[in-house]
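A.B. asks:
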Amino acid sequence: MMAPGFGELVRALLNEPASVKVDEVVRYEAGYVVCAVIAGLYLLVVPTAGLCFWCCHGRRHCGGPVKMERKELACERSTFMTFLLLTTFVLLIGVVCAFVTNQRVHEQTGPSAEAVPEMLLSLRGLVSNVPQELQAVAQQFSLPQKHVLKDLDGIAMSIGSTIHSQLRSTVYETLASLRSLGQDLQVSVDHLRALNTTLLKLQDRQQDLERAVSVCREQLHDLLQEPGCQGCADSLHWAGDLELGADFGQVSHVDDVLHRLKGVPEADFSSMVQEENNTFNALPLLASLQMADMVKELKKAVAQQPRGLKTLAKAFPDWEAAYRWSQALEKVENSSRPYLKEVQRYEKYRWIVGCGLCSVVLLVVICNLVGLNLGIWELSAREDPSHSGDKGRAGARVLNVGVCLSFLFAVPLILLVFSTFLVGGNVQTLVCRSWENGELYKAHFSLTHLQFADTPGNLPSFMNLSHLLGLKKNISILLAYQQCRKGAALWSVLQLNDSYDLETYLDMSQYTANLKQVIQNLTVDLENVDLLSPAGHRDLQALQSSGLGDLQYPDFLIQIQKPVVNTDMEKLAHELEGLAQTQGSSGLGKQLQQEAHRLRNLYQEKVLPQQSLVAKLNVSVRALASSTSKLQGEASSVLDRVTRLKGTLPAWATRILRNESECFLTREMGYFSQYTVWVREEVTQHIATCQPLSGALDNGRVILCDMMADPWNAFWFCMGWCTFLLVPSIIFAIKTSKYCHPIWKRLSSSSSEETQLFHIPRVTSLKL
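In terms of numbering that gives the first Met the number 0, the sequence shown is residues 0 to 767.
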């Protein structure tokens, strides 16, 4: 939390840096002054101790070998080696962390410095880019235009297809009736012609057959009545019935009906129906051709831009604020670029120095580890009488090298640690911590909470948001930041509705009215769909007036049901042959045989062909009798349906056209409605958005604190860790080096075995 005095200090630093007093700065930097004192003591004591060690070591007063073997020697040696080893391991961990954090600081500084101009550039576009973005939004009107123009390419085909799909059931049914009626008409006319031909043949052959049957009957009658004919009474009865049964002269002629149906059917109903079917199926293409000009005119109307959208960006308030805002941030950006380059350059030097000093500390660690290994090797080899002690002396020298390095580089190490600590600590405590918890924006004065950034006089004029935007009302930076963090738009934060009526420029009523007017002029002409050709119409009218249904088909059927000859001529011939064999007179029997043969010939030559014609006549008469009554009624019905359908098709098609046009217009207007909704949302929530403000502040905190300050503080902490651990490392290394030298051995005055260094055995006599 910022103290009141600190707010005054920051105000003075921002507005009048020359008026800041040193004692005020020291008062608020007391903790860092204490750290500076500690660093000064370190800077004084460690080099002094190093100088003393150097002089003492040069005169062999310190760091030399152990003079004599003692009981406590092994314990002391193990203790110092253990502490040196532990100190070295901790120092190794610190130097590894220092290497990592040093590299992390170096890697983050470049991107962080490059991100600052980008952040300032995004802030420049906070207001100044609004007219350009509005112009870009207005140009996006081409997207719904493209959708509508694409739909217009197929509107004629679509309308034609819809008309075809809604009319096809009725039209197909009518055409199917015409096809069926044409086929029935053809069949009926064929039957009528066959009936007339067959009737004429029957009447012509009936006369010849009647004469032949009459002659045969008279001859048989005379022959069977001769006195010598035995058993001829029964056959005489059969012979008396030998006469024609059916009389086709009694039926009426069909010449008048045939005359009325002369040339019928004139039209080929199958071809006609197929042609009309093809014409009807081509209705979508026909509609496309007929509406081509109107579609072009409609495309011209769509290609125009609404008047409001043309002036959407031009009518936006010409704020001087946009220029001031842009100029202020451009000034900050231009002035920051040299400093950012210098920061990158000095960071390179800091990185090199850091790597060098970390390498020195790592070298001290290596010296400690190598010296310890050589010392341990020396200790393990002392039991060998032939060892020379070179390993121990080398280990002591290596440890002393590490001690010298520690003394030599203690000064640059403590200077690096304190300088990085001073910068990183102030940034972390004064900026990052208060920035993260929001206290940077606030200064607490007694019981009231006033916004530091919003209090007049705290910030210079070029950093005052209300002044930069040229607004009559003061805008709270804290409130604006909080609203922007919550996703509020600059439109509502700056209350732009008072100076810019967006709905006026999104009004498309005049534009849509023009489109409706053009669409209402679309028409489809169905005159090419005739359904029934003139020849087919004449055929059906001829069928209606032909009188085909008035023929006396029952009279035909009566005669057809009668036999051609009343007597069964085959049976009579068989009877005559039987009588011929029973006659006593050979002459009479021969005559009966001849008559039987004549009857058979008459039957084969005259009666059978006549029966065949009667059967053919029966087929035609029955076909006509069963179909003509409904055929004429169907012809009348089909004619009425065709006439009525041809009259209603244009109105029906027009109604479908209007419905489809309205649906099309509704769908296309939906594109424009979606566009206006999108424009309203873009302008009020995305284009004129204050997210760059909160985003820039958050990005600034991330850049300064997360990307730079955190690894920077981690680096000085690790380096401080290593720097202060060098002190115990020096002490333990000096102590341990004494035990790495070979121990001076000398004889003791005592004869005790415990203090005697060398045991000389007593000489005894040898027995041979």
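Glycine residues also receive a C-beta, built at the ideal position from the N, C-alpha and C atoms.
Give every residue of the same chain whose Cβ lies closer than 6 Å to the Cβ of Phe98, excluding the five residues on either side of it in the sequence, and list them in chain order.
C.D. replies: Locating residue 98 in the sequence shown gives position 99, where the first residue counts as 1. Counting only Cβ-Cβ distances below 6 Å, and skipping sequence neighbours, we find Cys357.
A.B. asks: Taking the C-alpha atoms as reference points, what is the distance between Cys483 and Leu489?
C.D. replies: Position 484 of the sequence shown, counted from the first residue, corresponds to residue 483. Position 490 of the sequence shown, counted from the first residue, corresponds to residue 489. Those two C-alpha atoms are separated by around 8 Å.
A.B. asks: So, are the CB atoms of Arg349 and Thr419 less than 9 Å apart?
C.D. replies: Residue mapping note: residue 349 aligns to position 350 of the sequence shown, counting from 1. Residue mapping note: residue 419 aligns to position 420 of the sequence shown, counting from 1. The answer is yes: Cβ separation under 9 Å.
A.B. asks: Let's see if you can read the secondary structure: which residues bound the alpha helix (DSSP H) around Cys662?
C.D. replies: For the purposes of this step, residue 662 is identified with residue 663 of the sequence shown, where counting begins at 1. 607-680 is the span of the alpha helix (DSSP H), which, as asked, contains Cys662.
A.B. asks: Which residue from Ala572, Ile655, Ser736, Leu612 puts its Cα closest to that of Leu198?
C.D. replies: Residue numbering aside, residue 198 sits at position 199 when the sequence shown is read from its first letter. Of the candidates Ala572, Ile655, Ser736, Leu612, the one whose C-alpha sits nearest the C-alpha of Leu198 is Leu612.
A.B. asks: Does the segment 691-703 touch the segment 417-431, meaning 3 or more C-beta pairs lie closer than 8 Å?
C.D. replies: Touching, yes.
A.B. asks: Please report the Cβ distance between Asn658 and Met293, rounded to the nearest whole angstrom; I am assuming they are in contact, meaning their Cβ atoms lie under 8 Å.
C.D. replies: The sequence position of residue 658 within the sequence shown is 659, counting from 1. The sequence position of residue 293 within the sequence shown is 294, counting from 1. Wrong, their Cβ atoms sit about 17 Å apart, outside the cutoff.
A.B. asks: Apply the 10 Å Cβ neighbour rule to Phe451 and answer buried if 16 or more other Cβ atoms are within range, or exposed otherwise.
C.D. replies: If you number the sequence shown from 1, residue 451 lands on position 452. Note on Phe451: pLDDT 48, under 50, position unreliable in the model; no value is reported.
A.B. asks: Consult DSSP for Ser445 and reduce its assignment to one of helix, strand or coil.
C.D. replies: To locate residue 445, count along the sequence shown from 1; it is residue 446. Legend: pLDDT at Ser445 = 29, less than 50; position of this residue unreliable, value from coordinates given subsequently. Coil, per DSSP.
A.B. asks: Which residues in the same chain have their Cβ closer than 8 Å to the Cβ of Gln540, if we skip the five residues on either side of it in sequence?
C.D. replies: Looking up residue 540 in the sequence shown gives position 541. Correct list, in chain order: Leu638.
A.B. asks: Could you check the C-alpha separation between Asp538 and Ser213 for me, to the nearest Å?
C.D. replies: Walking along the sequence shown from the start, residue 538 turns up at place 539. Walking along the sequence shown from the start, residue 213 turns up at place 214. Approximately 47 Å between the Cα atoms of the pair.
A.B. asks: Are the beta-carbon atoms of Ala155 and Ala302 separated by less than 9 Å?
C.D. replies: For this step, residue 155 is matched to residue 156 along the sequence shown. For this step, residue 302 is matched to residue 303 along the sequence shown. No, these two residues do not count as a Cβ contact at 9 Å.
A.B. asks: Do the segment 91-109 and the segment 360-370 touch if we need at least three Cβ pairs shorter than 8 Å?
C.D. replies: Because the criterion of three Cβ pairs below 8 Å is met, the segment 91-109 and the segment 360-370 touch.
A.B. asks: Pull up the distance between the alpha-carbon of Thr683 and that of Ala652, whole angstroms please.
C.D. replies: By 1-based counting over the sequence shown, the position of residue 683 is 684. By 1-based counting over the sequence shown, the position of residue 652 is 653. Between Thr683 and Ala652, the C-alpha separation is close to 46 Å.
A.B. asks: Can you give me the C-alpha to C-alpha distance between Pro143 and Thr310, rounded to a whole angstrom?
C.D. replies: For this step, residue 143 is matched to residue 144 along the sequence shown. For this step, residue 310 is matched to residue 311 along the sequence shown. Taking the straight line from one Cα to the other gives about 18 Å.
A.B. asks: Under the rule that 16 or more other beta-carbon atoms within 10 Å means buried, what is His596, buried or exposed?
C.D. replies: Counting from one through the sequence shown, the residue named residue 596 turns up at place 597. His596 should be labelled exposed.
A.B. asks: So who's on the other strand from Val564, going by DSSP bridges?
C.D. replies: Here residue 564 refers to the residue found at position 565 of the sequence shown. Paired residue(s): Leu243.
A.B. asks: I'd like the list of long-range same chain contacts for Gln690, defined as Cβ closer than 8 Å, with 5 residues on each side in sequence excluded.
C.D. replies: The residue labelled residue 690 in the question sits at position 691 within the sequence shown. Cβ neighbours of Gln690 beyond the five flanking positions: Cys483, Gly486.
A.B. asks: So the alpha helix (DSSP H) Gly546 belongs to, where does it begin and stop?
C.D. replies: As a working note, residue 546 is residue 547 in the sequence shown. Neither: Gly546 is in no alpha helix (DSSP H) and is coded neither H nor E.
A.B. asks: With distance defined between alpha-carbon atoms, name the residue in Ala193, Gln592, Leu243, Lys295 nearest to Ser619.
C.D. replies: The residue labelled residue 619 in the question sits at position 620 within the sequence shown. Among Ala193, Gln592, Leu243, Lys295, the Cα nearest to that of Ser619 is on Ala193.
A.B. asks: Which of the three DSSP states, helix, strand or coil, is assigned to Lys299?
C.D. replies: Position 300 of the sequence shown, counted from the start, is the residue given in the question as residue 299. The answer is helix: DSSP assigns Lys299 an H, G or I state.
A.B. asks: Let's see if you can read the secondary structure: which residues bound the alpha helix (DSSP H) around His258?
C.D. replies: Start at 1 with the first residue of the sequence shown, and residue 258 comes out as number 259. Residues 254-259.
A.B. asks: With H, G and I counted as helix, E and B as strand and the rest as coil, what does DSSP make of Val250?
C.D. replies: Here residue 250 is taken as the residue at index 251 of the sequence shown, counted from 1. Val250: coil per DSSP, three-state reduction.
A.B. asks: Closest to Ile413 by C-alpha separation, out of Leu40, Gln249, Leu222, would be which residue?
C.D. replies: Within the sequence shown, the letter at position 414 stands for residue 413. Nearest option by C-alpha distance: Leu40.
A.B. asks: Taking its Cβ as the centre, do 16 or more other Cβ atoms sit within 10 Å of Pro226, making it buried, or is it exposed?
C.D. replies: Walking along the sequence shown from the start, residue 226 turns up at place 227. Exposed is the call here.
A.B. asks: Among residues of its own chain, excluding the 5 on either side of Glu341, which ones have a beta-carbon nearer than 8 Å to its beta-carbon?
C.D. replies: For the purposes of this step, residue 341 is taken as residue 342 along the sequence shown, with counting starting at 1. None.
A.B. asks: Report yes if the CB atom of His247 is closer than 9 Å to the CB atom of Leu177, and no otherwise.
C.D. replies: As a first step, residue 247 is located in the sequence shown; it is residue number 248 there, counting from the start. As a first step, residue 177 is located in the sequence shown; it is residue number 178 there, counting from the start. It should be noted that the sequence gives Phe, not His, for residue 247. Cβ distance not < 9 Å, so Phe247 and Leu177 don't count as in contact.
A.B. asks: Would you call Glu113 buried or exposed, if buried means 16 or more other Cβ atoms sit within 10 Å of its Cβ?
C.D. replies: One-based indexing of the sequence shown puts residue 113 at position 114. It counts as exposed.
A.B. asks: In whole angstroms, what separates the C-alpha of Leu260 from that of Gln516?
C.D. replies: The count along the sequence shown starts at 1 and reaches residue 260 at position 261. The count along the sequence shown starts at 1 and reaches residue 516 at position 517. Those two C-alpha atoms are separated by around 54 Å.
A.B. asks: Short of 6 Å in beta carbon distance, which residues of its chain neighbour Gly401, apart from the five on each side in sequence? Order them along the chain.
C.D. replies: Indexing the sequence shown from 1 puts residue 401 at position 402. Answer for Gly401: Val363, Cys366, Asn367, Ala732, listed in chain order.
A.B. asks: Since Tyr674 contacts Phe140 with CB under 8 Å, what's their CB separation in whole angstroms?
C.D. replies: Locating residue 674 in the sequence shown gives position 675, counting from the first residue. Locating residue 140 in the sequence shown gives position 141, counting from the first residue. With a Cβ gap of about 6 Å, Tyr674 and Phe140 count as contacting.
A.B. asks: By a C-beta neighbour count over all protein chains shown, 10 Å radius and 16 as the cutoff for buried, is Thr86 buried or exposed?
C.D. replies: For the purposes of this step, residue 86 is identified with residue 87 of the sequence shown, where counting begins at 1. The residue in question, Thr86, is buried, as its Cβ has 16 or more Cβ neighbours within 10 Å.
A.B. asks: Closer than 7 Å by C-beta to Ala572: which residues in its own chain qualify, once you throw out the five before and the five after it? Chain order, please.
C.D. replies: Here residue 572 corresponds to residue number 573 of the sequence shown, with the count starting at 1. Excluding residues within five positions, the ones whose Cβ falls inside 7 Å are Ala595, Leu598, Arg599.
A.B. asks: Reducing DSSP to helix, strand and coil, say where Ser157 ends up.
C.D. replies: For the purposes of this step, residue 157 is identified with residue 158 of the sequence shown, where counting begins at 1. Reduced to three states, the DSSP call for Ser157 is helix.
A.B. asks: For Val129 and Ile686, which I take to be in contact (beta-carbon distance under 8 Å), what is that distance rounded to the nearest angstrom?
C.D. replies: Locating residue 129 in the sequence shown gives position 130, where the first residue counts as 1. Locating residue 686 in the sequence shown gives position 687, where the first residue counts as 1. Yes, they are in contact, since the Cβ atoms of Val129 and Ile686 sit about 6 Å apart, within 8 Å.
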